[in-house]
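Beneath this line is the structure, given in structure tokens, with notes to follow.
Protein chains in written order, with the working numbering: chain A, 1 to 456; chain B, 1 to 456.
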């Protein structure tokens, strides 16, 4: 079956599109993608996934096989043939405003704002949420791990435990967006020009009857880059062997046990044999909390390989990310939108995020209506796509990473704490508050006018 | 860049392969893929991902672009041109034994056993781990959610919060393997012939100025299948409107708030208007614990839409899955392998899992050497690939789902508990214990014979 990404949606996007089509409902809609609440373990997010989102929108189309598949679904039995012709010609014609990848964002702040014919904006929902959510999740986790490593390189090693190998590729890029120095994922390296890093597996050493011979063999092929995994049997014996080889040893890796104690012993062994240039890489279920602890105790570790916790964002494997209709427009009539069910109210209307700084540090953000102006602040949402075409190619990941690090340098110290950081202030403008009130009043009016309004 | 899945590996798989190649190390190796420990929240796993694993192995090859990319990496500068010729012709020629998808597995039990030339078995590591890990993770979570729903259908709705849209596709299939009735992921439905399910979004209702009109419109296009989302504003008002429409209403969905209370009110409203056939679908951050509670209190919910918790396996977003060398063979000389660093010892040699039943229920498993025989038990690992070719196509997901449910019906009640279930007994054979001891003795001998053995 020749199928593309257009079917990579929740069924309801397509049934709603069909019903819009059949009823000639063709207003323009603006949806905003944002995170409702930050969990207690996250005091900021690092925006990522925009490149994936824009590539998707630019290339979105239904193949003939896609259309056939849908037409054959019993649910679509009642849909007219013209809808399938519409899908055959489908393209995304909308405009997108977004915060740049690498920008710090907080709860309620749109990462993406899509304005398009309602069917187009609706069909894009599932995929946009999925890529922005996951890549932001990993970039944000990476920033914490990189912070904990206090200047020592963090290497992303997680593909094997990512949620499928494709998630591994996304995670590799997002980890570098968040500040990681390199990844072990070769495909991600090829696609996104990321620095690659790797060591050796236990199986390498196990294939040999002799540990020394396994080290020598790897160094013969990779004299400048081989990192020897020394803990297949006994890490101190392994380190001793590595330290007494006849050639320079770029590095050794420790993958288990008490990393603080073991790294000290191994450093001592290496130094005793004059191997001061031999680096120590640590890996094995590491995360920002363990790394912070190791650094605090002065563990002589030169770089950290971080896998599972990074690529699954293990402590927070999902964010409360949503894609909400905030406005419709038809023939110049603009209607701001929200919903009022329980805790799920959100800010209506097209918005802008204004970031205020003081003395080079972020002071607070202001969530405001798109047309408001605050010359003293930086507006974070910028137009990145017009009529379905991106305005510029994605910057290289190296540049995005620098932006992330520059952003983080502007975030006041308190918000960097890995535990119980305070909430960064995101204020709402008077204009926005007023708009919510207007929409609420209008809704109350509509309910009162309807005979069901007092139905229970 | 025309690239395939062959680069979707950790760098070290390829550097090790290069070093094997350069040194003419061409033994056969057997690797086993297993989970070290089950977390306290999981008393069993549902094996999944085998179809992905075998498809990968059957199609594994390096494109010319892949080879060029690697050759241009500075790390490969010291590697001879012949290695890149080897990659150009690379295919997987190995044998695979595996437990069928839908089989229950426990800690230490191989889900997959790969025997191949060492380079081939090594290169496959990252991808095999990633697909078996993630699909097993989701199938296992799904089985718990399905169990909690006590016969009511569970619908997989998670793509938007999965770890990327491709993870959403994998999750949809795995969720159905684990017992879900349908998915909202259209592509997964198309690729794996899964039943599709969907409702409508809040945005649908918000586009209309009138809630009633939004419901009527959806029903006009989808009279037999439309599920009306009634909680955009006030769920009881929404239910009242749905109950008083002029046409039959297949179902309504509730997506927020106290589901127990709300589903009761909504059921009452529907019934009062003679809408007994109208089903109630619940969704909104559901998981097995919340569903168990709702069912225990008699919530009149007909089916559950489960997203984030299911597709991220939120309480356990990763398993301690590994791919370990257990044996090498060269010219008829077989060497069992393990490692002895700290807590990371594992059982050496090629193994078989024997499952013993009593009165139609699973009693215990026995992890044994591959050549042992226990006629009273079912051996779980079966040959599924010979010389790089699968022996049979994957069964339809529908059949795998039935196997899962049949397996679960054989698992004694105690192990189904969602909290603090006892550990299912996985015993080790005397033959296996003896082999570990032999390998240990041999290793001690090797260390004593080496001058580094007493180096610290």
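Backbone N, C-alpha and C define an ideal beta-carbon position, used for all residues, glycine too.
- Contact annotation for residue 23 of chain A against chain B: 217, 220, 221 [CB-CB distance below 9 Å, chain order].
- Residue environment: residue 444 of chain B is assigned as exposed (fewer than 16 neighbouring CB atoms within 10 Å of its CB, all protein chains considered).
- Under the criterion of beta carbons closer than 8 Å, residue 174 of chain B and residue 135 of chain B qualify as touching, at roughly 4 Å.
- The Cβ of residue 10 of chain A sits closer than 7 Å to at least one Cβ of chain B.
- Interface residue (Cβ-Cβ distance to chain A less than 7 Å): residue 170 of chain B is classified as such.
- Taking the Cα of residue 120 of chain A as reference, the smallest distance to any Cα among A:100, A:110, A:86 is reached at A:86.
- In this chain, residue 366 of chain B is not harboured by any alpha helix (DSSP H); it is covered by the beta strand (DSSP E) spanning 361-369.
- Going by DSSP, residue 31 of chain B is part of the beta strand (DSSP E) stretching over 28-35.
- CA-to-CA, the gap between residue 348 of chain A and residue 322 of chain A works out to about 14 Å.
- Within the DSSP secondary-structure output, residue 330 of chain A pairs in a beta bridge with A:333.
- For residue 80 of chain B, there is no enclosing alpha helix (DSSP H), since its DSSP letter is neither H nor E.
- Looking at the DSSP output, residue 10 of chain A shares a beta bridge with B:185.
- In this structure, the CA atom of residue 180 of chain A is about 6 Å from the CA atom of residue 155 of chain A.
- Using beta-carbon distances, residue 256 of chain B counts as an interface residue toward chain A, with a partner under 7 Å.
- The shortest CA-to-CA distance from residue 116 of chain A to any of A:91, A:314, A:145 is the one to A:91.
- Taking 7 Å as the threshold, the shortest C-beta distance from residue 441 of chain A to chain B does not fall below it.
- Residues of the segment 170-204 of chain B with a Cβ closer than 8 Å to any Cβ of chain A, in chain order: 170, 171, 184, 185, 186, 187, 189, 190, 191, 196, 197, 198, 199, 200, 201, 202, 203, 204.
- For residue 117 of chain B, the three-state secondary structure derived from DSSP is strand.
- Of all residues in the segment 399-413 of chain B, none has a C-beta nearer than 7 Å to a C-beta of chain A.
- Spatial neighbours of residue 336 of chain B in its own chain (CB-CB distance under 7 Å, excluding positions within 5 residues in sequence) are listed in chain order as 326, 327, 348, 349, 435, 439.
- Within chain A, the residues 130, 131, 134, 166, 167, 170 have their CB atoms less than 7 Å from the CB of residue 164 of chain B, given in chain order.
- For residue 237 of chain A, there are no CB contacts under 7 Å within the same chain when 5 residues up- and downstream are skipped.
- DSSP places residue 385 of chain A in the strand class (E or B) of the three-state scheme.
- Counting only the Cα atoms, residue 381 of chain B lies some 8 Å from residue 113 of chain B.
- In this chain, the alpha helix (DSSP H) harbouring residue 141 of chain A covers 125-148.
- In the displayed model, residue 324 of chain B falls within a strand according to three-state DSSP.
- Residues of chain A with a Cβ closer than 7 Å to the Cβ of residue 277 of chain B do not exist, since the nearest Cβ in that chain sits about 18 Å away.
- Taking residue 317 of chain A as the centre and dropping the five residues before and after it, the same chain places the C-beta of 137 closer than 8 Å to its C-beta, in chain order.
- About 7 Å separates the beta carbon of residue 5 of chain B from that of residue 60 of chain B, a gap short enough to meet the 8 Å contact definition.
- Taking C-beta atoms under 8 Å as the contact rule, residue 11 of chain B and residue 169 of chain A fail to qualify, at a distance of about 13 Å.
- Look at the segment 344-360 of chain A: the residues with a C-beta under 9 Å from a C-beta of chain B are 344.
- Proximity of chain B to residue 86 of chain A at the Cβ level (cut-off 8 Å) is not reached, the minimal Cβ distance being about 14 Å.
- Per DSSP, reduced to three states, the secondary structure at residue 393 of chain A is coil, with no helix or strand assignment.
- Counting only the Cα atoms, residue 132 of chain A lies some 11 Å from residue 319 of chain A.
- Distance from the CA of residue 360 of chain B to the CA of residue 415 of chain B, rounded to the nearest whole angstrom, comes to 15 Å.
- Interface criterion met: the Cβ of residue 75 of chain A is under 7 Å from a Cβ in chain B.
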